[in-house]
Structures are given as C-alpha cells and as structure tokens.
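**Student:** Structure in structure tokens, see below.
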Amino acid sequence: MKTYISVFRMRLRMETQYRGAILGGIVCQVFFGLILIAVYRALYAGKPQSLPLSHVTAYVWLQQAFFRMLLSSDAELMDKIRTGGIAYDLCRPVYLYGFYYMRIMAQKLMGSLLRAFPMLVFAALLPEGWGISLPASLPALLLSLTALLLGLCCVCAMENITMAFTMRTLDPRGFQAMLNLLMMILSGNILPLTLFPDSWQRVITLLPYAQMLDAPIRLYTGEYVLAQAPGVLLLQAGWTVLLILAGMMLWRRNQDRLIIQGG
Amino acid sequence: MSFIHVQHLCKRFYVQKKRKNGALLREKETVEALKDVSFQIEKGELIGYIGPNGAGKSTTVKILSGILTPDSGEAEVGGKVPWKNRKEYVQHIGVVFGQRMQLWWDVPILDSYSLLKDIYRIPEATYQKRLSELAEALNLGDLLRTPLRQMSLGQRMRAELCGSLLHQPEMLFLDEPTIGLDAVSKLALRDFLKWENREHRTTILLTTHDMEDIAALCPRVMVLGHGRKLYDGSLQDLLRHYDRTRTVEIRYGGDESRPDLPESVQMLKEGDGFRIIYEPEKLPTAELLNLLQQAGPIREMTVQPQNIDHLIADMYREMGL
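These protein sequence lines map, in sequence, to chains A and B. Numbers 0 to 262, taken from numbering that gives the first Met the number 0, label the letters of the first sequence in order. Numbers 0 to 320, taken from numbering that gives the first Met the number 0, label the letters of the second sequence in order.
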C-alpha cells in the first residue's frame, strides 16, 4: 500500500511545480465562466426558464472550477505509452492498475483543488446573478463533497480504461478527442445538464459522465433534495465499482499482448 | 543449471507498412525479431550483447525483464520465468534503457529514489547505505537535490543507473547505457559497472554499439543478427578472425617521393602524405618497410592496428547483416 500512497504523494508534488500552468488555467476557466454566464443571462432575459438563474451560475462556476478533473491531462503518462517509456513501469514490482489509478487521482485532485479555490473565491465575490450562491444547506454541502469524492473515483476509473485502450491502439490522439467531446457534453461542462429537456435528463443523469460533476453540483444547489441523496450516491458508487472492475480486466488482458514502441 | 537459461526463444512483431496511394487498408508485415535464440549465462558474468540496429537485442532484454511475452521458447533467470509472476520476478532485476527515462522529470532525483524505495520495499537502513554507496561511486553527491530536467545527459544517465540499482538486483540489464555520453562519463560508467559486478557479483547483460564498452568490460560477447545468435565467445577470438590489416601513415621529406607497392596494398594520398593499408599475412611488414624506404627519405611514420568499429563493420558485412 505504501507504494501507492507514495506515487500519489509524488504526483501531488509534481502538480504544484507548474505554477504558470495553474495561473493560466484559472484565467482561462474564469474567462469561460464569465462568457457562459453572459450567454445564460441573455437567454433568461429573453425567456426565463424553470430553473432559477442562480442555480445555473453556480453550476457553471463549479463546472469551471473542477474542469481539471474531467479531461485527461497527464500528458506525461500518455507520452509514456506513445513512446514506449512505459517499459520502465512494467518492470516494477507493482500492480499497474493501482499504480496508475493513484497517479491519475493525485493529478486530478491536486490539479483541480489548486485551481478551484481561487476561482470559487473569485466567483463568490461577483454580484448577484453572476457569481456562485451558497449551498442549499449544510447537509447539502457535506453530501455534495462526498459526491465530489465519489465522482473523482469514478472519473479516475474511466480514465484508466482510456489508458488501457491507448495501450492497445498506441496512439491516443484521435480517439481521445472523441472521448473528450463526449465527456464535455455529457458531464454538463458545455451546457448544464439541468437545462437539457426532462426526457433527456432521465437518461443522461444515469450515465457515468453525470456522476462526475453533475451529481455533486445538483446536491450543492439543492436540485437533488436530501431524500434523493442516498440514491445518487449509490448510483455513483455503482458506476465507480463497475468501471474499476472493467479497467482491471482490460489491464490484465493488455499485459499478455503488449507492444513497446520505439525500439 | 545456469543462472540465465534461454532455449529456442522466438518473438514476432507485426509492422505496418506505408500504404500505397489509394489503398485503404494498411499492409502488415511480419518481422521475426528473435528466431530460435538460445544461450546460458552464469551468475556474476558480465556479457556484451552486440549486433546491428534491429537485430533483436532490445527484444531479448524486454523478454528477460518480464515486459514482453515470447511467442515460443523457454527462459529462466535465477530459476524464475520472467513473464510469469511478473511482480515477484522483477523485484530481483534491474533494467536501464539508455534512451528512456525512469526518474521523474520535474522533481529532485532524491524524491524519485524515495519512491523507488517504496516500490521495491527497501528497508530504510539498507536504502540509506546503498544510496550513499551508489552516490559516491556514481559521483552524484551534489546532484541529489537537482530535478532531472536540469541535468546534462551524462548526469542523467548516472542518475538513472543509480535508480536501477537501488534495490540491489542480482541481475542487471543495460540497454545502451552509454548512448550520447562524453568520454569522461563513459569511463566513469565503465569503472562503476566493473565495480558493481565485482563487489556484489551482479550479473550484467549489456547491449551497446560502442565497441570500446565491450572491449573494456566484457570478457564474453554474443553477436545477434536478424534475430539469430551468430557468435558466442570471447571478443579477442572474434576479432582475431577479422583483424587482418594494418594501416601505415607516412610522410616523405621530398615532395616527389611516391612508393612503388604491389597490387595487394591499398594506397591513398592524404594531405602531403600517404595512408597505406596492407595485410601482414600477404606482405610482411619488413618487406613493406623496405619498399617504403626505397621511395625516398621518410620524415615521419606511424603504424596503427585496425579500428575496432571497422572490424565489427567488416564482421557484420561478412555475416550478411
């Protein structure tokens, strides 16, 4: 276990090395947040929707703040597979699935926390109708933090599956672009899932993508009432377990038919 | 049984060919990286593994380090089959891939080492002792707190080597460890490998294109070409067979002087002198000297043995590689 904690800590520390990237990310995400909110304000000015505007702005800010959690951004790891540097990891006495899971998790956790704190402070200082509102209640906040943690576990499991496929196709770029698009739409990053037609929402909220940020945000804003929380958390946990098992199976299959690129 | 025991090892890869204009499907071609390779290595041996690019050297190393599974054949290292129980097996081996990195790019190398300590479950005291031993032998003292990205290639290679040896493996695979190193770093690395081999009886298999590495380190060499083992024995015996010519460089006092030499001797004009390549078997050195002196007063002259790289190139040519 120590090994896995150790690689987790290592990746955490590495993330703090790129201060310029953090600052750049914050500026970019804040910019996107403001633009999106301006668009929704225009929409609401024309035709008010059933969902209160403050929920939408909170949704946008939370999505932007934890943006790093969604897309795979461990370029070093992908490069390792593409160029064959993974050879070294394969000759370590570790369980590779767990090793990469911890690495991915550390990167996502640290990467998004470092960005989320300043961004949420900024968003909280914005005037009413632009910024982020307080959570629906204290229990809602606690439940949403729990859901965020489960969402993190879920997204890490998903990325590990992408990794397993990458090891097979050996070049992640084309197919990752497609997955990223799916992720952006179905996780609610481009358009809040709460604004999708109700009939769509019934399906989309069941997909794993909705477990990552959409579920925690809905708990935060009170979209999901407290009575719904156990069901939401259970669904998240279910997907996480399923995705982890699938990833473990893929990794095992990979190891028998591995190719190392680049001599 | 020997420490390493390899029998009839075969491995095939599929390579994609560039498609012809208009063709939708890529053509696949089979490359036989290893064709029936067998050898034995005893504990504590230091062995050179040479061959032209694409001969199958790295493939052998990858199979023996548990990364790749062969298509057929057997291999055992220290009584264990590398590709079975991978996790258990790799605890006892160390690998250096000269053109790849194992240490983390952005953090001080000491942090990478301490991660390796946890990965290999090295007890703290053993780790400290081993690290200071390696840091001294590899002259890493001041570098331990430097991130990898700020190091020169030579420093990086030394750091990588230290990383591969922290858990004191019984078996060390080195895949081109001296690639891109300057003369001083190369010499230091060679001294270190000799020391590690002597001090800890670490078995070392070294692949390289640098024949000086082999000459300095390895009493035994194996030559691989097109996936087959072509030679297994001492470097001296291998070279003796190909080492047939000597080179003389000569400069005369008078400008007009030009020696008159038989057909079997190759003579090239070089600057204001000549380069003469001859085979002592066909034309004894004494006779050559006689002929050279007849041409005029000699100002300076050197006789050189054949360059080891040329010898190997001749050998590859003769073996049809």
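We put the CB at the ideal spot given by N, CA and C, even for glycine. Computed from a predicted model, the values in this text were never measured in an experiment.
Look up S233 of chain B in the DSSP assignment and say whether it is helix, strand or coil.
**Tutor:** DSSP places S233 of chain B in strand when its eight states are reduced to three.
**Student:** Looking at the unbroken alpha helix (DSSP H) that takes in G72 of chain B, where does it start and where does it end?
**Tutor:** Careful: G72 of chain B lies outside any alpha helix (DSSP H), inside the beta strand (DSSP E) at S71 to V76.
**Student:** Taking Cβ-Cβ distances below 9 Å as the criterion, which residues of the region 106–119 of chain B are in contact with chain E?
**Tutor:** As a matter of chain content, chain E is missing from the structure shown, whose protein chains are A and B.
**Student:** Compare the C-beta of G232 of chain B against all C-beta atoms of chain A and say whether one is closer than 8 Å.
**Tutor:** Closer than 8 Å: no.
**Student:** Are the C-beta atoms of Q16 of chain A and some chain B residue less than 8 Å apart?
**Tutor:** At least one chain B Cβ lies under 8 Å of Q16 of chain A.
**Student:** CB P215 of chain A to CB S132 of chain A, shorter than 8 Å?
**Tutor:** No. Outside cutoff.
**Student:** First and last residue of the beta strand (DSSP E) that includes D141 of chain B?
**Tutor:** Careful: D141 of chain B lies outside any beta strand (DSSP E) and carries neither H nor E.
**Student:** Spell out the partners DSSP gives D174 of chain B in its beta bridges.
**Tutor:** B:F96 and B:T206, per the DSSP bridge assignment.
**Student:** Considering only residues of the same chain and omitting the five flanking positions on each side of A146 of chain A, which have a CB-CB separation below 7 Å?
**Tutor:** So the qualifying residues of the chain are A214, P215, L218, V231, L232 and Q235.
**Student:** Would M104 of chain A pass as an interface residue toward chain B - the criterion being a Cβ-Cβ separation below 8 Å?
**Tutor:** No, because no Cβ of chain B sits closer than 8 Å to the Cβ of M104 of chain A.
**Student:** Do three or more CB pairs link the region 61–78 of chain A to the region 193–200 of chain A at distances below 8 Å?
**Tutor:** Result no; under three Cβ-Cβ pairs closer than 8 Å.
**Student:** Less than 8 Å between CB atoms is the rule here; does G65 of chain B satisfy it with respect to chain A?
**Tutor:** G65 of chain B counts as touching chain A.
**Student:** Quick one, are the C-beta atoms of G162 of chain B and Y119 of chain B less than 8 Å apart?
**Tutor:** Taking 8 Å as the Cβ cut-off, G162 of chain B and Y119 of chain B do not qualify as a contacting pair.
**Student:** DSSP three-state label for C343 of chain B, please.
**Tutor:** For residue 343 of chain B there is no data in the structure shown, the boundaries of chain B being 0 and 320.
**Student:** Please work out which residues of its chain come closer than 7 Å, Cβ to Cβ, to K42 of chain B, disregarding the five sequence neighbours upstream and downstream, and give them in chain order.
**Tutor:** Once the five neighbours on either side are set aside, the close Cβ partners of K42 of chain B are F2, R200 and T202.
**Student:** With distances taken between CB atoms, is the gap from G153 of chain B to D181 of chain B smaller than 8 Å?
**Tutor:** Yes; because the gap between Cβ atoms is below 8 Å, this pair is in contact.
**Student:** Would a C-beta distance cut-off of 8 Å place L171 of chain B and S5 of chain A closer than the cut-off?
**Tutor:** No, they are not a contact pair.
**Student:** Give every residue of the same chain whose Cβ lies closer than 8 Å to the Cβ of M330 of chain B, excluding the five residues on either side of it in the sequence, and list them in chain order.
**Tutor:** The structure shown does not extend to residue 330 of chain B, since chain B is modelled only from 0 to 320, so the question has no answer here.
**Student:** How is H225 of chain B classed by DSSP in three states: helix, strand or coil?
**Tutor:** Of the three classes helix, strand and coil, the one that applies to H225 of chain B here is coil, per DSSP.
**Student:** Kindly indicate if chain B contains any beta-carbon less than 8 Å away from that of T2 of chain A.
**Tutor:** Taking Cβ atoms only, chain B reaches closer than 8 Å to T2 of chain A, which makes this a yes.
**Student:** Under 8 Å, with one C-beta from each stretch per pair, do the region 79–92 of chain A and the region 175–184 of chain A reach the 3-pair mark?
**Tutor:** Touching, no.
**Student:** Is the region 19–39 of chain A close to the region 49–60 of chain A, with three or more CB pairs under 8 Å?
**Tutor:** Judged by Cβ distances under 8 Å, the region 19–39 of chain A makes contact with the region 49–60 of chain A, as three or more pairs qualify.
**Student:** In three-state terms, what does DSSP make of D105 of chain B?
**Tutor:** Coil, per DSSP.
**Student:** Given a threshold of 16 other Cβ atoms within 10 Å of its Cβ, counted over all protein chains shown, does N188 of chain A qualify as buried or as exposed?
**Tutor:** The residue is buried, with at least 16 neighbouring Cβ atoms inside 10 Å.
**Student:** How close, in whole Å, do the beta carbons of I311 of chain B and M210 of chain B come, if the pair is a contact with beta carbons under 8 Å?
**Tutor:** Between M210 of chain B and I311 of chain B the Cβ distance is about 6 Å, and since that is below 8 Å, they are a contact.
**Student:** Indicate whether at least one CB of chain B lies closer than 8 Å to the CB of V263 of chain A.
**Tutor:** Here chain A covers residues 0 to 262 and nothing more, so residue 263 of chain A does not appear.
**Student:** Return the CA-CA distance between H7 of chain B and M266 of chain B, expressed in angstroms with no decimal places.
**Tutor:** In a straight line, the C-alpha of H7 of chain B is about 47 Å away from that of M266 of chain B.
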